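Chains as they are written, first to last, in this note's numbering: chain A, 1 to 251; chain B, 252 to 350. See structure below.
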């Protein structure tokens with residue numbers, strides 16, 4: 001089979017977005033204020049929409065007849081390839097916003113690079129995702145600054161979120177044989193090439209938010225190889241139960 | 252002017268959207284937000300996510316000076332008994348009737 005890297009490469013793109021989209025959807029009806037409730041649901045829908053397109057493409061690359069529903073709802077935790085950061089519980093609003101900013105800044109760089117993919121369908125999805133990600137960055141960065149440079153309580157929570165999440169950011173930029181082959185073929189982008197630009201942008205926003213960039217060196221990893229935290233299993237059991245209880249149901 | 256009574260919410264902003272056909276901005280509703288940028292984003296998320304607009308204005312609600320129901324009589328009624336204020340009062344000359 002040609003391009004054996006393509007399926008796992010696309011799966012990582014899709015899984016990151018489905019799992020984070022689901023985490024965001026947990027805010028629906030629980031947002032701190034109606035307007036932000038809608039904003040988070042909008043971002044969740046954007047991410048799940050992107051995931052759907054990547055799954056469809058992944059299913060075609062795999063060639064085993066699995067469609068987007070099959071890949072989203074009928075795989076177990078060990079088969080998921082999302083980065084650990086996106087599966088962590090939604091936490092308080094500070095955690096949700098800081099994680100969203102970290103991920104969206106990464107996603108924007110990644111999607112911008114993928115608009116130049118030699119795979120026309122992948123480039124097309126990326127072009128759509130760039131526009132969405134640009135708004136996600138704007139929205140989440142604005143909130144990071146508002147919280148960080150806000151009250152004593154909001155600053156404390158935002159800084160705690162930054163400290164807790166920092167060790168999960170390294171995994172976003174890990175590069176293995178799958179990434180490198182995808183990059184060499186002109187289809188994908190090597191995540192390690194995005195690290196510097198991401199760091200520059202994130203540090204600029206953290207500084208504006210009067211937040212301190214952590215200096216820890218140890219980084220968590222494992223999600224890209226299917227080694228997940230306990231949180232993913234719980235998330236999947238909730239997310240997949242309807243589809244698994246009524247396979248093939250439509251509405 | 253007296254400040255409106257503060258509730259526990261953030262300040263209110265009035266939202267105006269310009270439709271894609273390039274018409275004038277129209278009032279769409281209102282959102283709560285702590286800052287102007289946040290108001291703009293909230294307006295986008297609440298009122299224009301499905302391509303309803305090409306431009307958004309947000310204005311702090313407290314910046315709007317509005318007439319009150321008490322003004323109705325003195326503001327709007329006088330026109331009714333002065334039909335000569337309406338163009339229909341005048342017969343158009345034959346020369347312009349073609350328009």
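C-beta: ideal position from N, C-alpha, C; glycine also. Bear in mind the structure is a predicted one, so any value in this text is a computation, not a measurement.
Just verifying my parser: in three-state terms, what is the DSSP assignment at residue i?
i: residue 268 of chain B; result: strand
i: residue 191 of chain A; result: helix
i: residue 24 of chain A; result: helix
i: residue 263 of chain B; result: strand
i: residue 327 of chain B; result: helix
i: residue 248 of chain A; result: coil
i: residue 56 of chain A; result: helix
i: residue 316 of chain B; result: coil
i: residue 44 of chain A; result: helix
i: residue 219 of chain A; result: coil
i: residue 33 of chain A; result: coil
i: residue 343 of chain B; result: coil
i: residue 211 of chain A; result: coil
i: residue 200 of chain A; result: helix
i: residue 7 of chain A; result: helix
i: residue 18 of chain A; result: helix
i: residue 301 of chain B; result: coil
i: residue 117 of chain A; result: coil
i: residue 240 of chain A; result: helix
i: residue 171 of chain A; result: helix
i: residue 231 of chain A; result: helix
i: residue 49 of chain A; result: helix
i: residue 252 of chain A; result: Shown here, chain A extends from 1 to 251; a query on residue 252 of chain A therefore has no answer.
i: residue 62 of chain A; result: helix
i: residue 1 of chain A; result: Residue confidence is low: residue 1 of chain A scores 44 on pLDDT, short of 50, so the model does not pin down where it sits. Its coordinate-derived value is still stated next. Looking at residue 1 of chain A - three-state DSSP - the assignment turns out to be coil, as it is neither helix nor strand.
i: residue 12 of chain A; result: helix
Where do the N-terminal and C-terminal ends of the beta strand (DSSP E) with residue i fall, by residue?
i: residue 177 of chain A; result: Run containing residue 177 of chain A: none in the beta strand (DSSP E); it sits in the alpha helix (DSSP H), 177-184.
i: residue 308 of chain B; result: 306-311
i: residue 280 of chain B; result: 277-283
Starting from the Cα of residue i, find the closest Cα among the options and give me that residue.
i: residue 220 of chain A; options: A:88, A:62, A:63 and A:8; result: A:88
i: residue 187 of chain A; options: A:124, A:38, A:31 and A:238; result: A:124
i: residue 140 of chain A; options: A:250, A:217 and A:101; result: A:101
i: residue 197 of chain A; options: A:106, A:21, A:60 and A:62; result: A:106
i: residue 261 of chain B; options: B:306, B:285 and B:295; result: B:285
i: residue 43 of chain A; options: A:57, A:25, A:83 and A:33; result: A:25
i: residue 217 of chain A; options: A:96, A:166, A:210 and A:3; result: A:166
i: residue 9 of chain A; options: A:207, A:184, A:74 and A:233; result: A:184
i: residue 224 of chain A; options: A:130, A:133 and A:179; result: A:179
i: residue 11 of chain A; options: A:182, A:230, A:210 and A:249; result: A:182
i: residue 91 of chain A; options: A:164, A:211, A:177 and A:29; result: A:164
i: residue 74 of chain A; options: A:251, A:29 and A:237; result: A:237
i: residue 96 of chain A; options: A:128, A:71, A:37 and A:63; result: A:37
i: residue 270 of chain B; options: B:338, B:310, B:301 and B:320; result: B:301
i: residue 81 of chain A; options: A:7, A:134 and A:53; result: A:7
i: residue 234 of chain A; options: A:23, A:209 and A:69; result: A:23
i: residue 63 of chain A; options: A:116, A:40, A:132 and A:3; result: A:3
i: residue 311 of chain B; options: B:339, B:275 and B:290; result: B:290
i: residue 292 of chain B; options: A:230, A:138 and A:145; result: A:138
i: residue 15 of chain A; options: A:57, A:116 and A:40; result: A:57
i: residue 246 of chain A; options: A:48, A:70 and A:53; result: A:70
i: residue 158 of chain A; options: A:205, A:31, A:67 and A:248; result: A:205
i: residue 193 of chain A; options: A:175, A:210 and A:203; result: A:175
Using 8 angstroms for Cβ pairs, my map puts residue i next to residue j. What's the rounded Cβ distance?
i: residue 18 of chain A; j: residue 51 of chain A; result: 4 angstroms
i: residue 86 of chain A; j: residue 20 of chain A; result: 4 angstroms
i: residue 84 of chain A; j: residue 228 of chain A; result: 7 angstroms
i: residue 283 of chain B; j: residue 33 of chain A; result: 6 angstroms
i: residue 266 of chain B; j: residue 307 of chain B; result: 7 angstroms
i: residue 268 of chain B; j: residue 298 of chain B; result: 6 angstroms
i: residue 318 of chain B; j: residue 326 of chain B; result: 6 angstroms
Which residues bound the alpha helix (DSSP H) around residue i?
i: residue 73 of chain A; result: 68-73
i: residue 146 of chain A; result: 120-148
i: residue 110 of chain A; result: 93-114
i: residue 154 of chain A; result: 152-166
i: residue 288 of chain B; result: 287-298
i: residue 87 of chain A; result: 84-87
Can you give me, in chain order, the residues of the segment 35-49 of chain A that have a beta carbon less than 8 angstroms from any beta carbon in chain B? Hits within the stretch, in order: 35, 36, 38, 39 and 42.
What are the residues of the segment 133-144 of chain A that lie near chain B, defined by any Cβ-Cβ distance shorter than 9 angstroms? 135, 138, 139, 142 and 143
Closer than 7 angstroms, Cβ to any Cβ of chain A: which residues of the segment 290-306 of chain B, in chain order? Within the segment 290-306 of chain B, the qualifying residues are 292, 293, 296, 297 and 300.
Output, in sequence order along the chain, the residues in the segment 309-329 of chain B whose CB is closer than 7 angstroms to any CB in chain A. none
Between the segment 258-273 of chain B and chain A, which residues of the former have CB atoms less than 9 angstroms from a CB of the latter, in chain order? 260 and 261
Please list, in chain order, the residues of the segment 22-36 of chain A that have any C-beta partner in chain B closer than 9 angstroms. Close to chain B, meaning a Cβ-Cβ distance shorter than 9 angstroms, are the following residues of the segment 22-36 of chain A: 33, 34, 35 and 36.
By the 9 angstroms beta-carbon criterion, what residues does the segment 204-221 of chain A contribute toward chain B? none
Can you pull out the residues from the segment 331-348 of chain B whose beta carbon lies closer than 8 angstroms to at least one beta carbon of chain A? none
Got a sec: which bits of the segment 277-290 of chain B sit with their beta carbon under 8 angstroms from any beta carbon on chain A, in order along the chain? 282, 283, 284, 285, 286, 288 and 289
Which residues, taken in chain order from the segment 142-165 of chain A, show a beta carbon closer than 7 angstroms to some beta carbon of chain B? Listed by position, the residues of the segment 142-165 of chain A near chain B (Cβ gap below 7 angstroms) are 142 and 146.
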